[in-house]
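K.L.:
Following full-length UniProt numbering, the numbering of the sequence shown begins with 1 at its first residue and continues without gaps.
The structure is given below, and queries will be raised subsequently.
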Amino acid sequence: MRSPTGPYGPVGGLPSLVRIDRGADFLSATVSDALGHFAVPVQDLPAYRPDLKGSIENLNRCAERMR
């Protein structure tokens with residue numbers, strides 16, 4: 001069994017909150033039902049607000065530079 005801590009951890013368990021940035025794949029009924037089943041709250045972030053999701057926007061920017 002893998003350790004729940006380490007360079008990629010902690011892993012396992014449920015998130016305390018899922019923040020969604022209007023992506024259709026995350027706004028689907030399947031994802032909403034699954035998160036609801038496990039009582040994971042969802043915070044739906046407004047569109048065109050990169051200041052609210054800095055770490056993801058930085059990752060996207062780095063990926064674009066590698067093209």
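Idealized CB from N, CA, C, for every residue including glycine.
Kindly indicate the opening and closing residues of the beta strand (DSSP E) around VAL18.
P.N.:
From DSSP, the beta strand (DSSP E) with VAL18 extends over 18-20.
K.L.:
Entirely within the segment 9-67 and at least 4 residues each: give me those alpha helix (DSSP H) ranges in chain order.
P.N.:
With a minimum length of 4 residues, the continuous alpha helix (DSSP H) runs that stay inside the segment 9-67 are 29-37, 54-65.
K.L.:
If the criterion is Cβ atoms closer than 8 Å, does the pair LEU45 and ILE20 meet it?
P.N.:
Closer than 8 Å, so yes.
K.L.:
Cβ of ARG22 within 8 Å of Cβ of ALA47?
P.N.:
Contact: yes.
K.L.:
As a quick exercise: from THR30, LEU35, ALA29, pick the residue whose alpha carbon is nearest that of PRO15.
P.N.:
Checked all of THR30, LEU35, ALA29; the closest Cα to PRO15 is LEU35.
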